[in-house]
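Colleague: Quick one: the structure is below, questions incoming.
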Amino acid sequence: MAPSTCKLCPWCNSCKKWCEETKDLTNVFYLGRSVRDRINTDLSIENVDAFLDIDVAEVMKQKEKEKKSGNKDFLYRIGKDSLPKLLNRAKILYQTKKPVIYGEVVFPKVSYELFFDIEDDPTQGFIYLHGVYERNGSKERYINFTATELLAEAEKEIWQKFWEYIETLPQDDYAV
2 MAPSTCKLCP
12 WCNSCKKWCE
22 ETKDLTNVFY
32 LGRSVRDRIN
42 TDLSIENVDA
52 FLDIDVAEVM
62 KQKEKEKKSG
72 NKDFLYRIGK
82 DSLPKLLNRA
92 KILYQTKKPV
102 IYGEVVFPKV
112 SYELFFDIED
122 DPTQGFIYLH
132 GVYERNGSKE
142 RYINFTATEL
152 LAEAEKEIWQ
162 KFWEYIETLP
172 QDDYAV
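Structure (structure tokens):
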């Protein structure tokens with residue numbers, strides 16, 4: 002829910018609690034403040050419950066009517082493709098309440114399974130760690146490439162070392 006900039010704010014937990022209590026539209030994945038504000042203004046929808054009641058076809062007719070009358074700002078950047086996606090995400094979050102798989106998930110059969118993690122300091126725009134949890138049959142290990150100094154050269158060096166590690170793996174016999 003909270004974008005990375007929100008997570009840096011001391012009010013983040015308070016805002017998150019408010020969003021959940023009021024069923025604010027920003028709880029919906031990829032429905033940020035600007036889209037929420039546009040939906041609030043143009044459709045007078047203030048929460049997820051009201052949002053779930055909309056009829057996409059009717060809203061798109063209304064958008065076309067507004068466009069013909071010269072109001073090109075009505076539901077600006079919200080269209081017939083994006084609106085159903087947002088509604089579907091809201092339904093999953095508030096009605097289905099469980100993961101949805103849209104197709105078969107097929108994991109490749111490989112010798113090396115790699116679980117990759119990147120850690121950064123967003124306040125400084127600095128990536129300080131590339132971590133890999135490596136599974137090879139029954140053997141498992143954690144490998145980290147960590148910058149020990151806050152320097153662009155250190156960041157570049159750990160990225161290079163990560164790729165050197167990747168190049169040691171059997172070609173076409175690993176998955177990330």
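Residue numbers for the sequence shown follow the numbering used here, so the first one is 2 and each next one is one higher. Cβ atoms here follow ideal geometry from the backbone N, Cα and C, with glycine treated the same way. Just so it is clear, the structure is predicted and the values come from calculations on it, not from any experiment.
If I measure Cβ to Cβ from residue 109 and keep anything under 8 Å in the same chain, skipping five residues before and after, which residues do I get?
Modeller: For this step, residue 109 is matched to residue 108 along the sequence shown. 176, listed in sequence order.
Colleague: What does DSSP give as the partner residues of residue 128 in its beta bridges?
Modeller: In the sequence shown, the residue the question calls residue 128 occupies position 127. Per DSSP, 121.
Colleague: Does the separation of the CB atoms of residue 34 and residue 79 fall below 9 Å?
Modeller: Position 33 of the sequence shown, counted from the first residue, corresponds to residue 34. Position 78 of the sequence shown, counted from the first residue, corresponds to residue 79. Not a contact, by the Cβ cut-off of 9 Å.
Colleague: Bridge partners of residue 133, per DSSP?
Modeller: Sequence index remark: in the sequence shown, residue 133 carries index 132 (1-based). 117 and 144.
Colleague: Among 61, 160 and 100, which one has its Cα closest to the Cα of residue 83?
Modeller: The count along the sequence shown starts at 1 and reaches residue 83 at position 82. That would be 61, whose Cα lies nearest to the Cα of residue 83.
Colleague: On the premise that residue 28 lies in contact with residue 21, defined as a C-beta separation below 8 Å, what is that separation, rounded to the nearest angstrom?
Modeller: What you label residue 21 is simply residue 20 of the sequence shown in a count that begins at 1. What you label residue 28 is simply residue 27 of the sequence shown in a count that begins at 1. About 6 Å separates the two Cβ atoms, so the contact holds.
Colleague: Using the Cβ count rule (16 or more neighbours within 10 Å means buried), how would you classify residue 106?
Modeller: Translated into positions along the sequence shown, residue 106 becomes position 105. Answer is exposed; the Cβ neighbour count stays below 16.
Colleague: Fully enclosed by the stretch 19-61, which alpha helix (DSSP H) runs are 4 residues long or longer?
Modeller: Qualifying alpha helix (DSSP H) stretches, in chain order: 34-44 and 49-53.
Colleague: What does the alpha-carbon distance come out to for the pair residue 2 and residue 119?
Modeller: Translated into the one-based positions of the sequence shown, residue 2 becomes position 1. Translated into the one-based positions of the sequence shown, residue 119 becomes position 118. For residue 2, the predicted structure reports a pLDDT of 47, less than 50, and the residue's modelled location is therefore unreliable. A value from the coordinates is still provided. Distance between the alpha carbons of residue 2 and residue 119 is about 20 Å.
Colleague: Along the chain, where does the alpha helix (DSSP H) containing residue 162 start, and where does it finish?
Modeller: As a position in the sequence shown, residue 162 is number 161, starting the count at 1. 153-169 is the span of the alpha helix (DSSP H), which, as asked, contains residue 162.
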